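**Q** Numbering (UniProt numbering), first residue to last: 1 to 567. Note that the Cβ used here is the ideal one computed from N, Cα and C, for glycine as well. All values reported here derive from a predicted model rather than from experimental measurement.
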Amino acid sequence: MKRAWPQHLVARKLAADAATIGRAGGERATFPPPGSAPAPGDHVGTGPTAQACTARPFEDMPGPKGLPLIGSLLDYTPLGNLQSNLSCSPPLQRETAWSSALLGTCHTCPFSLKKLHESFFERYRQFGKISKETIGNKCFVSVYDPSDIETLFRTEGPNPSWMQLMALGEVRKRLGKSLGMINETGEKWRRLRYAAQSKLLKPQNVRSFVPVLDDISRDLVEKVRVGRSSTSELSIDMDAELRRWSLESVVSATLGIRLGCLQTDRQTPDKDTEDLLESSDAFLETWSTLELGLPLYMLYPTKTWRKFLRANEQWLSAAGRMIDRSLDRNDSQRDPLQPEVTLLEHIVTRKELTPDDIVMIITELIFAGIETTAVAMTYNLYTMAKNQAVQEKARREVNAVVGEGGKVTQDALKSLKYIKACIKETFRVLPVFSMRNRILDKEIVLSGYRVPPNVIIRVLTHVTGQLPEYVAEPDRFVPERWLRDDVTMPKPRRDDVTMPKPHPFAVRPFGVGSRSCIGQRLAEQELGILLAKMVQQFHIECDGEMDQVFNIANKPDLSGTFKFTEV
1 MKRAWPQHLV ARKLAADAAT IGRAGGERAT FPPPGSAPAP GDHVGTGPTA QACTARPFED
61 MPGPKGLPLI GSLLDYTPLG NLQSNLSCSP PLQRETAWSS ALLGTCHTCP FSLKKLHESF
121 FERYRQFGKI SKETIGNKCF VSVYDPSDIE TLFRTEGPNP SWMQLMALGE VRKRLGKSLG
181 MINETGEKWR RLRYAAQSKL LKPQNVRSFV PVLDDISRDL VEKVRVGRSS TSELSIDMDA
241 ELRRWSLESV VSATLGIRLG CLQTDRQTPD KDTEDLLESS DAFLETWSTL ELGLPLYMLY
301 PTKTWRKFLR ANEQWLSAAG RMIDRSLDRN DSQRDPLQPE VTLLEHIVTR KELTPDDIVM
361 IITELIFAGI ETTAVAMTYN LYTMAKNQAV QEKARREVNA VVGEGGKVTQ DALKSLKYIK
421 ACIKETFRVL PVFSMRNRIL DKEIVLSGYR VPPNVIIRVL THVTGQLPEY VAEPDRFVPE
481 RWLRDDVTMP KPRRDDVTMP KPHPFAVRPF GVGSRSCIGQ RLAEQELGIL LAKMVQQFHI
541 ECDGEMDQVF NIANKPDLSG TFKFTEV
């Protein structure tokens, strides 16, 4: 789809303050001292593999033996499920074991695709802090020790590689689209990434989104207030409303337009909004099946593949119309709460980007913003509901910083230290993603073993954050563990809660280095603003328990409902 970018937008972009907006070149910060946490998007150096001379060979690394040609692939199939079901304690009846294995529904089995993240815990119990595993023709190394994680990210270099998402790459090739930031590698990936990150990772740029994000969060709070029943239980679908909130937020930040997703008096839903949400559902429903299963779609168009293809077409079409809507605005239609220059306006003048590249950058950010931020917010509401003392302390902080019914401003958001600690602690206990991965082009030494080039190294911080070796009392929800010693809290202050600081690489919800999540700062702002407003306005309760289901990301599986009572 060829687009001619309107000249008035180009002129506005070029006239913007270059010091505020910045450019991609020369923006990488130096890596922080050992043991400290790098900032989002920081370049990670290319240090030497120091213990190479004394390290043990790769062949000695523990891990499942597997079978010739397929490795441990059967562990992740119904046959592997059957074996686990028959051997679990207490053993399942033979008929139940067969049906659970074939349907993949046995949640006691660590290798069920629905509970794939739990297999990472099982591998840790079996083999310890590092293990290798061959699945099909791919070799994986799983690392759990935060010191190894730190070593890996310090070694990855300026253009790190990771395991490409095969089904996503194939559908984009067939549609004739750019592979985007997710699947591109090398210099092409670098151009896409750096075009966007100067707007999204500079704190002074991202803070310009605060006024409109505050306004959007107010809309959701009002919708929750109106949607409550006489018993304070919701008569609206909270999951659906959180997805609309995250869609409204990310579209506002990237395109500078308001969709009206949360307006309580809206009678007719916006078609582009509904198309995005509908195609996103279909996309996620099919994507994990295609990525984790046998690639039969390469041979013939399976039913799942056809649904995935239609979802991508619908998604790109709706996102493209939103981009056109943003570009066609004139100055009189601009929202005064929006920043002067949106992300779209920032990247349209990048000469190294084609129109197709620009469309793919925006659509990837919107998709990621819808699904991951909404899921993270669900988890934050749950941890507040299940930790009433923490919720009350967070409410005291918001009242002291913001004031009753006040707006969350840029300065206020910076001062909400306990809210931020609650969000990070929630990421530790209920992460949106269980792992990250890297592929190095040179040997590295991890936990005393040589790891050769081109091995897929999985960083399993979901497990690391739950281990007492690396996080003190991991079964307790303690936001104080993330507060610096000099942070002051409203009275009563910290209730004498003391906790050793975890290793800075033990919990990395957005990844580290050049391939860290480009929307990290935006997501943290969205979560901080909405969580502050929700705990200030409502007493949050939940009558069920939270589980997680693997679906590329970890999807919430809540057995009960939320209850919101006005404070």
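Could you tell me if S559 is buried or exposed, where buried requires 16 or more neighbouring beta carbons within 10 angstroms of its beta carbon?
**A** The residue in question, S559, is exposed, as its Cβ has fewer than 16 Cβ neighbours within 10 Å.
**Q** Does the Cβ-Cβ distance between R458 and F140 come in under 8 Å?
**A** It is a contact, given that the beta carbons lie within the stated cut-off.
**Q** Over what stretch of residues does the alpha helix (DSSP H) that includes A553 continue unbroken?
**A** Counting along the chain, A553 falls outside any alpha helix (DSSP H), though it belongs to the beta strand (DSSP E) covering 553-558.
**Q** Kindly indicate which three-state DSSP category T565 falls into: helix, strand or coil?
**A** The answer is strand: DSSP assigns T565 an E or B state.
**Q** Excluding the five sequence neighbours on either side, which residues of its own chain have a C-beta within less than 6 Å of the C-beta of L131, listed in chain order?
**A** In the sequence as displayed, the identity of residue 131 is Ser instead of Leu. If we look at S131 and ignore the five residues flanking it on each side, its Cβ neighbours are P62, G63, R123, S142.
**Q** Below 8 Å, can you find three or more Cβ-Cβ pairs linking the stretch 361-368 to the stretch 211-220?
**A** Taking 8 Å as the limit for Cβ pairs, the verdict is that the stretch 211-220 does not touch the stretch 361-368.
**Q** When the Cα atoms are used, what is the spatial distance from I444 to R438?
**A** Looking at the two C-alpha atoms, the distance is approximately 12 Å.
**Q** Are the Cβ atoms of L344 and A318 separated by less than 8 Å?
**A** Not a contact, by the Cβ cut-off of 8 Å.
**Q** Just mark G136 as buried or exposed, buried being the case when its beta carbon has 16 or more other beta carbons within 10 Å.
**A** Exposed: under 16 other Cβ atoms inside 10 Å.
**Q** Between the alpha carbons of M377 and L69, how many angstroms are there, rounded?
**A** Roughly 42 Å between the two C-alpha positions.
**Q** Which ranges does the alpha helix (DSSP H) cover as unbroken runs of at least 4 residues, wholly within the stretch 342-372, from first to last along the chain?
**A** DSSP runs (the alpha helix (DSSP H)) wholly in the stretch 342-372: 343-347.
**Q** Would you report the Cα separation of V507 and A421, rounded to the nearest angstrom?
**A** Distance between the alpha carbons of V507 and A421 is about 12 Å.
**Q** Return the Cβ separation of L284 and E371 in integer angstroms, given the expectation that the two are a contact with Cβ distance under 8 Å.
**A** Correct: roughly 7 Å between the Cβ atoms.
**Q** Could you tell me whether the Cβ atoms of R325 and I257 are closer together than 8 Å?
**A** In contact: R325 and I257 (Cβ atoms closer than 8 Å).
**Q** When the Cα of G405 is compared with those of V535, L200, N380, which residue comes out closest?
**A** Checked all of V535, L200, N380; the closest Cα to G405 is V535.
**Q** Taking the alpha helix (DSSP H) that Y470 falls in, what are its first and last residues?
**A** Y470 -> no alpha helix (DSSP H), and no H or E assigned at all.
**Q** T134 bridges to which residues according to DSSP?
**A** T134 is bridged to C139.
**Q** Determine the direct distance from the alpha carbon of D328 to that of W482, and round the result to whole angstroms.
**A** The straight-line gap from Cα to Cα measures roughly 45 Å.
**Q** Residues in its own chain within less than 6 Å of P500 by CB, not counting five upstream and five downstream?
**A** So the qualifying residues of the chain are A472.
**Q** Among V401, G186, S112, P355, whose alpha-carbon lies nearest the alpha-carbon of P158?
**A** Closest by alpha carbon: G186.
**Q** Once DSSP output is grouped into helix, strand and coil, what is the label at I70?
**A** It is coil, neither helix nor strand.
**Q** Can you check the stretch 153-205 for any alpha helix (DSSP H) of at least 4 residues that lies completely inside it and give the ranges in chain order?
**A** Listed in chain order, the complete alpha helix (DSSP H) runs (minimum 4 residues) inside the stretch 153-205 are 166-174, 180-183, 186-200.
**Q** For Q338 and R207, what's the separation of their Cα atoms in angstroms?
**A** Q338 and R207: Cα-Cα distance of roughly 11 Å.
**Q** Quick one: Cα of S279 to Cα of T254, how far?
**A** Using only the alpha carbons, I get a separation of about 19 Å.
**Q** When you compare each of V429, D219, S447 to I149 by their alpha carbons, which one comes out closest?
**A** The shortest C-alpha separation from I149 is found at S447.
**Q** Quick check on Y300: does DSSP put it in helix, strand or coil?
**A** Correct three-state label for Y300: coil.
**Q** Are the beta-carbon atoms of F550 and K138 separated by less than 8 Å?
**A** Cβ atoms of F550 and K138: not closer than 8 Å.
**Q** What did DSSP end up calling E313 once you bin it into helix, strand or coil?
**A** Three-state DSSP puts E313 in a helix.
**Q** Quick one: what's M546 bridged to in DSSP?
**A** Partner(s): L558.
**Q** With a 10 Å radius around its C-beta and 16 neighbouring C-beta atoms as the bar for buried, classify A167 as buried or exposed.
**A** Buried, by the Cβ-count rule.
**Q** Helix or strand or just coil, what does DSSP make of V401?
**A** Helix.
**Q** Taking its Cβ as the centre, do 16 or more other Cβ atoms sit within 10 Å of C53, making it buried, or is it exposed?
**A** So C53 ends up on the exposed side.
**Q** On the DSSP letters alone, give me the boundaries of the alpha helix (DSSP H) that I419 sits inside.
**A** I419 -> alpha helix (DSSP H) spans 417-429.
**Q** Counting beta carbon pairs with one atom in the stretch 344-356 and one in the stretch 195-203, are three or more of them shorter than 8 Å?
**A** A contact exists between the stretch 195-203 and the stretch 344-356.
**Q** Identify which residue in P556, R436, E526, I529 has its Cα closest to the Cα of L165.
**A** Checked all of P556, R436, E526, I529; the closest Cα to L165 is R436.
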